[in-house]
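As numbered in the UniProt record's numbering, residues 1 to 503 make up the sequence shown, in order. Ideal placement from N, C-alpha and C gives every residue a C-beta, glycine not left out. The structure appears below as structure tokens.
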Amino acid sequence: MTVKNEATPDLKSGKSAKTPDDYAKYFQPPSLKDAKKRGKEDIQVHYDFGIPEEMREIGKGKHYLIRTYGCQMNEHDTETIAGILEQMGYESTEEYQEADVILFNTCAIRENAEDKVFGELGHMKVLKRNNPNVILGVCGCMSQEESVVNKIMSKHAHVDLIFGTHNIHRLPVLLRDAMFQKEMVIEVWSKEGDIIENMPKVREDKTKAWVNIMYGCDKFCTYCIVPYTRGKERSRRPEDVIAEVRDLARQGFKEIMLLGQNVNAYGKDFEDIQYGFGHLLDEIRLIDIPRIRFTTSHPRDFDDHLIEVLAKGGNLVEQIHLPFQSGSTEVLKKMARKYTREHYLELVRKIKAAIPNATLSTDIIVGFPGETEEQFEDTLSLVSEVGFDSAYTFMYSPREGTPAAVMEDSVPEEVKKSRLHRLMEVQQKSSLVKNLAMLGQTVELLVEGESKNNPEVLSGRTRGGKLVHFNGDKSLIGTFVDVTITDAKTFTLYGEIVAKVEV
Ligand code: SAH
Ligand code: SF4
Ligand code: F3S
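The structure is reproduced here in structure tokens:
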């Protein structure tokens, strides 16, 4: 897509496609090739986001519904999209029949994520036929893919609006165009835009809040689509992150999850200051908020300074999600992860030494192109050696446009499936061992709400992020309690309340 870096025009004016140039922008598909380019120009930060005057009432008396797929970054984007829609007067609904705007915030990480969205889009045909005025939109990572946009244009012509991950701030203008234009409105900038501060947010949870510290990813692991769908790494200014955390603390939030695809690369793009993720955490830990987590860490940039800061504890809770992807150095090389098995194990050793009660979790891919039985066994042995509390395990899924998608792959599907099962078995044993070790311990929980399976029971999380069920009064939701662990299963713990904690 031949689009300049133009993420910022019309923030206030609400101008949209009026000139032929503008229209060209609307109907050009995105390009993964262009998205791969990393420009040298500085990223500007804009603080003047606002809903154009004439659009502030446009949603009055109307409803929106957003379906979210994918990672926490996407869920947080949904909160921003909801914030923008509510500033336009829309109210949220869970009923498709009641909705005037339906948005699918999509994920492109694996093929099955995409299949789910296409299935749902198909179901929307009938709804659109019965209610032609409803605006149906697709956003998120899938909309950054040329093949997806083409497929929607040819097979899902009932979609009214497609906008990309870099175009969220343009939603008011795009929505208005979708209402008054007969053609499908498409605005997907392949190239990332600037950083837009001060966008409104409707936070789903009243005790836990997500805070972006950076956007994009420059790692280009060979299997991964994210660097193409999210653009280059851009860090938010420390003062903006800190101000947001302070504000959330003031509002009474109990826990902050700092978000980035690779939080350890935070600050590497600053030209004026030497300031990394360790520095940021060292400042945030002084804010009066009980718990601070972060995700995701890349093993390569996880430096000693960061470990030193994390070891200070306090509100920096001892949970570390550290994806290793493969236990074989050869496979890691083909994945372009830029570390070895030994480097990873050494990092884990350092973390365990500095933070002895750290909860460790990871992401693992099996069946990477050409993965041999021996290489897979290296993954199994790494899992046993580290003893993770939990792991997200995935079967490799080729993503169009990424280098791994064209690598030779002779590993049959059944072999990949059986490896996934073997891996899950080993990991589940490790999870159970870790949980059993907690029997009899008294731990602090932040009470999240009723248990998903049994509304009579409450659920909360430990500092390490483990889920614990216990009997207690609903008034405890959103507070801290101490519980003693009385039973341990592979995925959950059960406890008995000891005391309410004043924080
Ligand atoms: N930025 C994070 C990962 C985000 S994607 C990180 O690097 O840690 C979450 C996980 O999805 C990855 O860690 C990886 O295990 C998995 N994943 C990414 N691309 C995949 C693909 N093409 N097939 C299968 N799993 C994939
Ligand atoms: Fe994908 Fe690798 Fe970036 Fe994670 S670090 S988002 S796996 S490219
Ligand atoms: Fe999916 Fe995009 Fe997140 S591809 S995992 S929603 S960054």
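Practice item. Could you tell me whether the region 194-203 touches the region 85-94, using the rule of 3 or more Cβ pairs below 8 Å? Key: yes
Which two residues bound the contiguous alpha helix (DSSP H) that contains H421?
413-436
Given 8 Å as the limit, is there contact between the region 58-67 and the region 249-256, that is, 3 or more CB pairs closer than that? no
* Asked: What residues in its chain sit with their C-beta under 8 Å from that of D100, if we drop five residues either side in the sequence?
  -> G59, K62, H63, Y64, Y90, N133, V134, I135
Do A354 and E320 count as a contact pair if the criterion is CB distance below 8 Å?
It is worth fixing the name first, because residue 320 is Ile in this sequence and not Glu. Going by C-beta atoms, I320 is not nearer than 8 Å to A354.
Environment of N167 [buried if 16+ CB atoms lie within 10 Å]: buried
- Do L380 and V426 have their C-beta atoms within less than 8 Å of each other? yes
In terms of alpha-carbon separation, which member of N130, E98, V138, N131 lies closest to D117? It should be noted that the sequence gives Val, not Asp, for residue 117. Measuring from the Cα of V117, the nearest candidate turns out to be V138.
Item to complete: Report yes if the CB atom of I461 is closer than 8 Å to the CB atom of L476, and no otherwise.
Response: With the sequence shown as reference, residue 461 is identified as Arg, and Ile is not the correct amino acid for it. Result no, Cβ atoms of R461 and L476 do not sit closer than 8 Å.
- Query: If we ignore side chains and look at the alpha-carbon of each, how far apart do G449 and L175 end up?
  - Reply: 35 Å
Nearest neighbour of E408, chosen from G370, M395, V386, P398 [CA to CA]:
G370
Discussion item. Pop quiz: E244 and M214 are said to be a contact at Cβ under 8 Å. What is the actual Cβ separation, rounded to whole angstroms?
Written reply: E244 to M214, Cβ: 13 Å. No contact.
message = Rounded to whole angstroms, what is the Cα-Cα separation between L121 and H156?
response = 7 Å
Touch test, the region 380-397 against the region 349-366, Cβ-Cβ under 8 Å, three pairs minimum: yes
Q.
For V331 and L316, what's the separation of their Cα atoms in angstroms?
A. 33 Å
Own chain, CB closer than 8 Å to L439, minus 5 neighbours either side, in chain order: I485, T486, D487, A488
*So T80 is in the alpha helix (DSSP H); what residue range does that whole segment cover?*
72-87
Say the cut is 7 Å; is the CB of T229 nearer than that to a heavy atom of the ligand F3S? yes
Assign V45 to one of two classes, buried (16 or more other C-beta atoms within 10 Å of its C-beta) or exposed (fewer than that).
-> exposed
_Per-residue DSSP class, three states only, for F49_ = coil
Worksheet item: Over what stretch of residues does the beta strand (DSSP E) that includes K500 continue unbroken?
Response: 493-501
* Give the secondary structure of T329 by DSSP, where H, G and I count as helix, E and B as strand, and everything else as coil. => helix
query = Measuring from the CB of H76, is there a heavy atom of the ligand SAH at a distance below 7 Å?
reply = no
**Request:** Compute the Euclidean distance between the alpha carbons of A209 and V415, then round it to the nearest angstrom.
**Result:** 41 Å
(message) Taking 6 Å as the limit between beta carbons, can you name the residues of its chain near R285, skipping five residues before and five after?
(response) G314, N315, L316
Exposure label - A358; buried when at least 16 CB within 10 Å
buried
Quiz prompt | Proximal residues to N264 (C-beta, below 6 Å), its chain only, five neighbours per side dropped | solution = F277, S297, H298, D301, F302
Original post:
beta strand (DSSP E) containing N130: first to last residue?
Top reply: Looking at the DSSP string, N130 is not in any beta strand (DSSP E); the run it does join, the alpha helix (DSSP H), is 111-130.
### Task
For Y223, count neighbouring C-beta atoms within 10 Å of its own C-beta (all shown protein chains included) and say buried if the count is 16 or more, exposed if not.
buried
*Is the CB-CB distance between Y69 and N112 below 8 Å?*
no
Q. So what's C224 in DSSP terms, helix, strand or just coil?
A. coil
On the three-state DSSP scale, how would you describe S381?
helix
request  = Enumerate in chain order the residues of its own chain whose CB-to-CB distance from D288 is below 6 Å, with the five nearest sequence positions on each side excluded.
outcome  = A249
Where the beta strand (DSSP E) through R67 begins and ends: 63-68
Are the CB atoms of E283 and P238 within a distance shorter than 8 Å? yes
Query - Environment of I180 [buried if 16+ CB atoms lie within 10 Å] - result: Here residue 180 is Phe; the residue named in the question, Ile, does not match the sequence. Counting Cβ neighbours within 10 Å, F180 comes out exposed, since fewer than 16 surround it.
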